[in-house]
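A.B. asks: Numbering (mature numbering (1 follows the signal peptide of the UniProt record, and there is no 0)), first residue to last: -20 to -1, 1 to 299.
1) Is residue 88 helix, strand or coil when you go by DSSP?
2) Compare the Cα-Cα distances from residue 247 to each of 257, 110, 43 and report the closest residue.
3) On the criterion of 16 or more Cβ atoms from any shown chain inside 10 Å, does residue 241 qualify as buried, or is it exposed?
4) Check whether the region 61 to 78 and the region 130 to 149 touch, using three or more Cβ-Cβ pairs below 8 Å as the test.
5) Could you give the uninterrupted runs of the alpha helix (DSSP H) lying entirely in the region 95 to 135, keeping only those of 4 residues or more?
6) How big is the Cα-Cα spacing for residue 319 and residue 290?
7) How about residue 112 and residue 69: do their beta carbons lie closer than 8 Å?
8) Can you look up residue 137 in the DSSP assignment and give me helix, strand or coil?
9) Nearest-angstrom Cα distance between residue 279 and residue 249?
10) For the candidate residues 104, 294, 298, whose alpha-carbon lies nearest to that of residue 260?
11) Taking residue 86 as the reference, which of 62, 54, 120, 110 has the closest Cα?
12) Let me make sure I understand the geometry here. Which of 154, 105, 110 has the alpha-carbon closest to that of residue 61?
13) Suppose contacts are defined by Cβ-Cβ distances below 8 Å. Is residue 67 in contact with residue 50 by that definition?
14) Taking all protein chains shown into account, decide if residue 137 is buried (16 or more other Cβ within 10 angstroms of its Cβ) or exposed.
15) Would you tell me roughly how many angstroms separate the C-alpha atoms of residue 228 and residue 53, rounded to the nearest one?
16) Suppose you measure from the CA of residue 222 to the CA of residue 252; what does that come to, to the nearest Å?
17) Please report the Cβ distance between residue 266 and residue 237, rounded to the nearest whole angstrom; I am assuming they are in contact, meaning their Cβ atoms lie under 8 Å.
18) Taking all protein chains shown into account, decide if residue 71 is buried (16 or more other Cβ within 10 angstroms of its Cβ) or exposed.
19) Distance check for residue 230 and residue 83, CA to CA, integer angstroms please.
20) Hey, out of 270, 148, 65, whose CA is closest to residue 292's CA?
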């Protein structure tokens, strides 16, 4: 596989703070000098409330250093409860007026959109739903939320329908088969008594005929064995005619993030590229968009017929 490499100048990572822990309380503590008043009786609710998310149990959660460590280690959205996006949300709960935290969340939001789209395409509804909930806390009025919500809901409906079909099929397979109905037995036929007959005279065996001589088989001419077809040699990938320059994502450069993306794509008969797919990305949700853009704009020597190829694009910061 061919490789693209871009080297840029290192940029100091954007200082960021953290916003809401999963399940963190936003209610300020009561003033110890204020006398407690009896709480009103709880009113009955129509439906049981959804369980609160598990709290973030990261040591030092709420400090800028913990969030920066998550960014340097490329833990942008995973694992749950210990990633940069959730830690920034926790810091926002503690200091809603922090402009540094707001800027960091704004920079991470486009990558969160891409992460939810990829998880939805991979049929990972739980992960897509989790990050979508974090995005709604970071930017409740973002235009992308409604579109992403429709995609996740459609995936959840498909998965629920498939699970119901599988359960029904399993129930049918485990159900005992009905016992076969025995066929009615026919009534026995009446037995007729035949008159006794004298035994036949012993038959004299006739002489066995002499065997005829077997004809000599005519030899068949030997046929030459068909030559074994040689396996065709693997076709060489078409030569690159024009390779556009690769742009390093601004957010990744500011945060000092490096990585690579492996793409599978089709080279058309005219040398253009189509049907670009991401095979692997490290880290996820950071470099895919730029990698797909540069491959789509690459031109190859026209092949005899459309063919598929793979390339790995590396994003590396120089010294």
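A virtual CB, placed ideally from N, CA and C, is assigned to each residue, including glycine.
C.D. replies: Answer, in terms of the structure:
1) Reduced to three states, the DSSP call for residue 88 is helix.
2) Of 257, 110, 43, the smallest CA-CA separation from residue 247 is found for 257.
3) Buried, since its Cβ has 16 or more Cβ neighbours within 10 Å.
4) In this structure the region 61 to 78 does not touch the region 130 to 149; the number of beta carbon pairs closer than 8 Å is below three.
5) The region 95 to 135 contains these whole alpha helix (DSSP H) runs: 105 to 118.
6) This structure does not reach residue 319, given that the chain is present from -20 up to 299, and the question cannot be answered.
7) Residue 69 sits away from residue 112, with the two beta carbons spaced by 8 Å or more.
8) Helix.
9) When rounded, the distance between both Cα atoms is 11 Å.
10) Of 104, 294, 298, the residue nearest in Cα terms is 294.
11) Checked all of 62, 54, 120, 110; the closest Cα to residue 86 is 120.
12) Nearest Cα to residue 61 within the set 154, 105, 110: 110.
13) Contact: yes.
14) Residue burial annotation: residue 137 is exposed, with fewer than 16 other C-beta atoms found within 10 angstroms of its C-beta.
15) Inter-residue distance for residue 228 and residue 53 is about 18 Å (C-alpha atoms, whole angstroms).
16) The straight-line gap from Cα to Cα measures roughly 10 Å.
17) 6 Å between Cβ atoms; contact.
18) Counting the other Cβ atoms within 10 Å of the Cβ of residue 71 gives 16 or more, which makes it buried.
19) The alpha-carbon atoms of residue 83 and residue 230 are separated by roughly 13 Å.
20) Put simply, of 270, 148, 65 the residue whose alpha carbon is nearest the alpha carbon of residue 292 is 270.
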